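A quick write-up on the structure given underneath.
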Amino acid sequence: MTGSPVKTSRRSFLKASAAVGGGLVLGFRLPTGGRYAQAEDATSGQAAFEPNAWVRIGRDDRVTVLVDRSEMGQGVMTAIPMLVAEDLEADWERIHTEFAPADEAYTNALLGRQATGGSTAVRAAWRPLREAGAAAREMLVAAAAEEWDVDPDSLEAANQVVRHPESGREATYGDLAAVAARQEVPEAVLLKEPTEFRLLGKPRDRLDRAAKVDGSATFGMDVQLPGLLTAQVVRCPVIGGRPARVHGEAAKRVSGVKDVFEIEAGVAVVAEGFWAAQKGREALRVEWDYGEHAGLTSAQIARQFREAADSGEAAAVREDGDIEQALQEGAQTLEAEYEVPFLAHVCMEPMNCTARIADGVCEVWAPTQDQTSTQEVAAEISGLDPENVHVHTTFLGGGFGRRSHTDFVADAVETAKKAGAPVKVVWTREDTTRHDRYRPATYNRLAAAVDGSGEVTGWRHRIAGPSIMAYNDMLEEGQRVDSSSVEVAKEVPYAVSSIHVDYAMSNTPVPLWWWRSVGASQNGFIREAFFDEVAAAAGEDPYELRRRLLQDQPRHLGVLERAAEQAGWGGELPEGRARGIAVVHSFGSYCAEVAEVSVDDNREVRVHRVDVAIDCGQTVNPEIITEQMESGVVYGLSAALHEAITVDRGQVEQANFDSYPILTMNQMPEVHVHIVDSDEEPGGVGEPGTPPIAPAVANAVFAVTGEPVRRLPLSRAGFRPA
1141 MTGSPVKTSR RSFLKASAAV GGGLVLGFRL PTGGRYAQAE DATSGQAAFE
1191 PNAWVRIGRD DRVTVLVDRS EMGQGVMTAI PMLVAEDLEA DWERIHTEFA
1241 PADEAYTNAL LGRQATGGST AVRAAWRPLR EAGAAAREML VAAAAEEWDV
1291 DPDSLEAANQ VVRHPESGRE ATYGDLAAVA ARQEVPEAVL LKEPTEFRLL
1341 GKPRDRLDRA AKVDGSATFG MDVQLPGLLT AQVVRCPVIG GRPARVHGEA
1391 AKRVSGVKDV FEIEAGVAVV AEGFWAAQKG REALRVEWDY GEHAGLTSAQ
1441 IARQFREAAD SGEAAAVRED GDIEQALQEG AQTLEAEYEV PFLAHVCMEP
1491 MNCTARIADG VCEVWAPTQD QTSTQEVAAE ISGLDPENVH VHTTFLGGGF
1541 GRRSHTDFVA DAVETAKKAG APVKVVWTRE DTTRHDRYRP ATYNRLAAAV
1591 DGSGEVTGWR HRIAGPSIMA YNDMLEEGQR VDSSSVEVAK EVPYAVSSIH
1641 VDYAMSNTPV PLWWWRSVGA SQNGFIREAF FDEVAAAAGE DPYELRRRLL
1691 QDQPRHLGVL ERAAEQAGWG GELPEGRARG IAVVHSFGSY CAEVAEVSVD
1741 DNREVRVHRV DVAIDCGQTV NPEIITEQME SGVVYGLSAA LHEAITVDRG
1791 QVEQANFDSY PILTMNQMPE VHVHIVDSDE EPGGVGEPGT PPIAPAVANA
1841 VFAVTGEPVR RLPLSRAGFR PA
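Reminder that position 494 of the sequence shown reads as 1634 in this note's numbering, one-by-one numbering, no gaps.
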């Protein structure tokens, strides 16, 4: 086997545990002491490993990979095992998976906690988990060398078998597991070169596919326990409001209702099942203290943002050249205002969590994106030490950032503690929409200068809006910039001599959290849509102008040209139809999209086709990449066509899909995904497909109608989804 020696940078990841009964465990050595039940060797019934390992190899030759990231449809239950199996030389047909427990040793190095988000799952695991597989392989080879008294260099490992070609001897990994567990973890390992990959870069069916098809996959809503109660939590409809007086007598008389009491978030109705909890909730009467935000409206918020943009107190995040001079000297100066709304996450599985506190242990079953925060919150509420809080991660029915918050976890743990019984808290669809943590709305002012020869000489962008980090107390005192608010906006890739981008933080009481692709989702739209306005002012084709201004950005240019070529840019289209293009770098990947769109005489917009070109560096599973690009298009297109959260009298006005519509199947365009070959380190794929779709559609509408789309969703710009 060829490859370059690689030092194991986090050696604690690769400690072998002596396995009772002859199994091999490779991975983190986490705290022991019975926190988690030990698995048994399938052949002997004896404990086959010490818990909390990356890789478990039993004497039956079963290889189990513990996946420490959350599976919410993005494919980590397949991609992570592929990383391990490649350099382990495992038999893919014998790979099995389990969710890892919560522990700091499973920290995502790119996030600083055990969490899944920011398209980091594969990026953070790319080297450590391949090293884990390679080190396991070398320990198995060393075990065979010890057993056969031969030089390890004379042995080969492939397809879960170690062979000695000279003598013809061979042994399976299961045969060698007990001896391998006694070997020293190698200080350096040889990672395979890309030319040697058997698995990575090739499509593989998802390991969790069958379970999701036959219904055996456990999502949060599926959790069942002996004596389990179900609860709904009634929250104040006004942002920031609290219960003043609770009248629970009628609710308690409802058949199946066990109790009614206040918790931090509102009033919990605890019952024998969901329907009883729902009927109890309907009978409950609460007098609310609406608090100081009872008069808040979307119109007030919009005025606030405009005033913030006027204030002159914006913090500069990029200053290239002299923007004022460029704007003064430009033969043409273009100005525009762009607005984007608050957005809900719209996870298909409503928020839910199950908790049980008994015998000094708190157990939490959660469809969570953040195991660390789940454990911390449960420990705080239960009063137990973190080592006595066990987090069982379930499958997630959509995440999009929403499930990295822990409000639904807090509901379950506090309710279970007060009820003295295991409780599953279930949010209704209305709860999930009205009490979401939203993507920020923003108001944006842009200006650009074009000289007499058509060159773009100046670009200015001011963002006014709230900060996710400020709302959640994550900014240092005096810090004026939230990096997530300005991402993509400050990274203008085009060769423009004078660029100025600044940010006027203007916070509101509306709860905020990260939304799929975060600031890239709105700033990608604003930057790329305004670019087409600039191209029109310069009298240039928007694709050709991008090409010219991206000559020093080869990866941007590569995806731009690939998408345009595959979409047939410049080719004939029927009357009333046009193509729009956009390119955005986010989360370590480069993505360009071309949308083919028609607008009829009634201003109805239909998206017919989308071509996506993605450069995400070295790939793990191209099938998953394709699916994630398609998913990103769906998510971003739904927001562009339909979605907006509005506030009146302090209350979110949208509740269910009738008032917060999402993309329907008949509105879904054809999506063609084109993966650009790359030798670069892996980038993300869960989020980069979302930012380019809104501007690509908006730019196509602009090309048909001559009217720039400066507000989303399209209905706010005077158009209607067909």
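We put the CB at the ideal spot given by N, CA and C, even for glycine. None of these values were measured; they are calculated from a predicted model.
For A1188, does the count of other Cβ atoms within 10 angstroms reach 16, so buried, or fall short, so exposed? For A1188, the predicted model reports a pLDDT of 35, less than 50, meaning its position is unreliable; a value from the coordinates is still stated below. By the 10 Å Cβ count, A1188 comes out buried.
In angstroms, rounded to a whole number, what distance separates the CA positions of A1408 and M1491? Distance between the alpha carbons of A1408 and M1491 is about 15 Å.
Nearest-angstrom Cβ-Cβ length linking C1502 and D1551, presumed shorter than 8 Å: Contact doesn't hold; Cβ gap of about 14 Å is too wide.
In this structure, does DSSP put F1859 in helix, strand or coil? In this structure, F1859 counts as coil in the three-state DSSP scheme.
Backbone CA spacing between E1244 and G1314 [nearest angstrom]: Roughly 30 Å between the two C-alpha positions.
Please report how far the alpha carbon of E1520 lies from the alpha carbon of E1554, in whole angstroms. Straight-line Cα distance between these residues: approximately 10 Å.
Of the residues E1464, V1207 and A1722, which one's Cα is nearest the Cα of Y1246? Comparing Cα positions, the closest option is V1207.
Could you give the distance in angstroms between the alpha-carbon of A1182 and the alpha-carbon of G1198? Confidence in A1182 is poor, its pLDDT being 45 and thus under 50, which makes the residue's placement unreliable; the coordinate value appears in the next sentence. Straight-line measurement puts the Cα of G1198 at about 7 Å from the Cα of A1182.
Are P1751 and A1703 close, meaning C-beta to C-beta below 8 Å? Position check: residue 1751 holds Asp in this sequence, whereas Pro was assumed. The answer is yes: Cβ separation under 8 Å.
Backbone CA spacing between G1858 and R1743 [nearest angstrom]: Put simply, the backbone Cα of G1858 is about 8 Å away from that of R1743.
First and last residue of the alpha helix (DSSP H) that includes I1666? In the DSSP assignment, I1666 falls within the unbroken alpha helix (DSSP H) covering V1658 to A1678.
Contact under 8 Å by Cβ, A1495 with V1563: Cβ distance < 8 Å, so A1495 and V1563 count as in contact.
Can you say whether E1226 is buried or exposed, counting buried as having 16 or more other CB atoms within 10 angstroms of its CB? Counting Cβ neighbours within 10 Å, E1226 comes out buried, since at least 16 surround it.
Keeping to the same chain, check which residues put their C-beta closer than 6 Å to that of R1579; ignore five residues upstream and five downstream. Excluding sequence neighbours, R1579 sits near L1483 and W1655.
Enumerate in chain order the residues of its own chain whose CB-to-CB distance from L1280 is below 7 Å, with the five nearest sequence positions on each side excluded. Cβ neighbours of L1280 beyond the five flanking positions: A1297, V1302, Y1313, L1316 and A1320.
Considering only residues of the stretch 1386–1473, which uninterrupted alpha helix (DSSP H) runs meet the minimum length of 4 residues and lie entirely inside it, listed in chain order? You should have 1389–1392, 1414–1423, 1438–1450 and 1463–1469.
Determine the extent of the beta strand (DSSP E) in which K1558 is found, giving its start and end residues. Counting along the chain, no beta strand (DSSP E) covers K1558; the unbroken alpha helix (DSSP H) around it starts and ends at D1547 to A1559.
Would you kindly work out how many angstroms separate the C-alpha atoms of V1641 and A1439, rounded to a whole number? Each residue's Cα considered, the two are about 26 Å apart.
Kindly indicate the opening and closing residues of the alpha helix (DSSP H) around I1785. First-last for I1785: undefined, no H or E at that position.
Taking only runs of the alpha helix (DSSP H) that begin and end inside the stretch 1346–1386, which ones reach a length of at least 4 residues, in chain order? Runs of the alpha helix (DSSP H) lying entirely within the stretch 1346–1386, each at least 4 residues long, are 1349–1354 in chain order.
Counted within 10 angstroms of its Cβ, other Cβ atoms place W1194 as buried (16 or more) or exposed: For W1194, the number of other beta carbons within 10 angstroms of its own is at least 16, and it is reported as buried.
So within the stretch 1484–1542, which uninterrupted beta strand (DSSP E) runs reach at least 3 residues, ignoring any that extend past its ends? With a minimum length of 3 residues, the continuous beta strand (DSSP E) runs that stay inside the stretch 1484–1542 are 1492–1498, 1501–1506 and 1529–1533.
For A1838, which residues from the same chain have a beta carbon less than 6 Å from its beta carbon, with the 5 sequence-adjacent residues on both sides left out? Cβ-Cβ distances below 6 Å link A1838 to A1669 and V1849 in the same chain, with the five nearest sequence neighbours on each side left out; the list follows chain order.
Answer yes or no: do V1636 and G1470 have a C-beta to C-beta separation smaller than 8 Å? No, the pair does not count as a contact, with Cβ atoms beyond the cut-off.
With a threshold of 16 other CB atoms inside 10 Å of the CB of W1567, please say whether the residue is buried or exposed. Its Cβ being crowded by 16 or more others within 10 Å, W1567 is buried.
Which same chain residues, not among the five before or five after A1675, have their C-beta less than 6 Å away from its C-beta? So the list reads P1682 and L1685, once near-sequence residues are dropped.
Of the listed residues L1369, T1370 and Q1509, nearest to A1255 (C-alpha basis): Here the closest residue by C-alpha is Q1509.
Helix, strand or coil: how does DSSP classify N1299 here? Coil.
Within a Cβ cutoff of 7 Å, which residues of the same chain sit near Q1662, ignoring the five residues on either side of it in sequence? Taken in chain order, the residues that qualify are V1480 and T1582.
Work out the CA separation of P1832 and S1646 for me, nearest whole Å. In a straight line, the C-alpha of S1646 is about 26 Å away from that of P1832.
Measure from the alpha carbon of A1455 to the alpha carbon of each residue in A1285, E1306, V1626 and M1805, then state which is nearest. Checking every option, the nearest Cα to that of A1455 belongs to V1626.
What do you get for W1415, buried or exposed, if any count of 16 or more other CB atoms within 10 angstroms of its CB means buried? Classification for W1415: exposed.
Beta-carbon proximity check, A1732 vs V1773, cutoff 8 Å: No, these two residues do not count as a Cβ contact at 8 Å.
Length of the line joining the Cα atoms of L1228 and V1329: L1228 and V1329: Cα-Cα distance of roughly 11 Å.
C-alpha distance - K1419 paired with A1219, whole-angstrom precision: C-alpha separation (whole angstroms): 43 Å.
CA-CA distance, V1628 and V1724? Taking the straight line from one Cα to the other gives about 7 Å.
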